[in-house]
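**Student:** Heads up, the sequence shown is in my numbering, so the first residue is 17 and it goes up one at a time. Structure provided below as structure tokens; questions to follow.
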Amino acid sequence: MQMITAPELAAWLADDTRAKPVLLDVREPWEFDECRIDGSVLIPMNTIPGRIDDLDEDAEIVCICHHGARSMNVAAFLERHGFGKMVNLTGGIHAWALQVDPAMKKY
């Protein structure tokens, strides 16, 4: 699994020459309602095993949570199940709010 910082992810998303990743937000619905990166798909961590078929194992997937721990666990789980292009957002949505989008609500 690769790790990516919030500024690196912002640059990736802004780069029109590069295919966009799937932004997999594994937080709880109430957290997703508080704040999220535009284009993120919510699949809470505890539902991943039952929804694994909803994901493309060939896609580049960036896992996102609040601080990066849950998303790292999900990325590792998906890697063990054949997903080869997993990326974890270091510092999670909190780092995104601090480093990329200061107007984003923090919790």
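Just so you know, even glycine gets a beta-carbon here, dropped at the ideal spot from N, CA and C.
For the region 62 to 73 against the region 27 to 34, are there 3 or more C-beta pairs whose distance is under 8 Å?
**Tutor:** No, they do not touch.
**Student:** Sort Thr-63, Ala-85, Phe-99 by Cα distance to Ile-77 and report the nearest one.
**Tutor:** Looking up residue 77 in the sequence shown gives position 61. Taking only the C-alpha atoms, the option nearest Ile-77 is Phe-99.
**Student:** Apart from the five residues on each side of it in sequence, which residues of its chain come closer than 7 Å, Cβ to Cβ, to Ile-68?
**Tutor:** For the purposes of this step, residue 68 is taken as the residue at position 52 of the sequence shown. Once the five neighbours on either side are set aside, the close Cβ partners of Ile-68 are His-97.
**Student:** Less than 8 Å between the CB atoms is what I'm expecting for His-83 and Glu-47, so what's the real figure, rounded?
**Tutor:** The residue you call residue 83 lines up with position 67 of the sequence shown. The residue you call residue 47 lines up with position 31 of the sequence shown. The pair is not a contact, with the Cβ atoms about 11 Å apart (cut-off 8 Å).
**Student:** Our contact map puts Ile-80 next to Ser-56 with C-beta atoms below 8 Å; I'd like the distance itself, whole angstroms only.
**Tutor:** Counting from one through the sequence shown, the residue named residue 80 turns up at place 64. Counting from one through the sequence shown, the residue named residue 56 turns up at place 40. That pair is a contact at about 6 Å.
**Student:** Based on the DSSP output, what are the partners of Asn-104 in its beta bridges?
**Tutor:** Indexing the sequence shown from 1 puts residue 104 at position 88. Its beta-bridge partners are Met-19, Cys-79.
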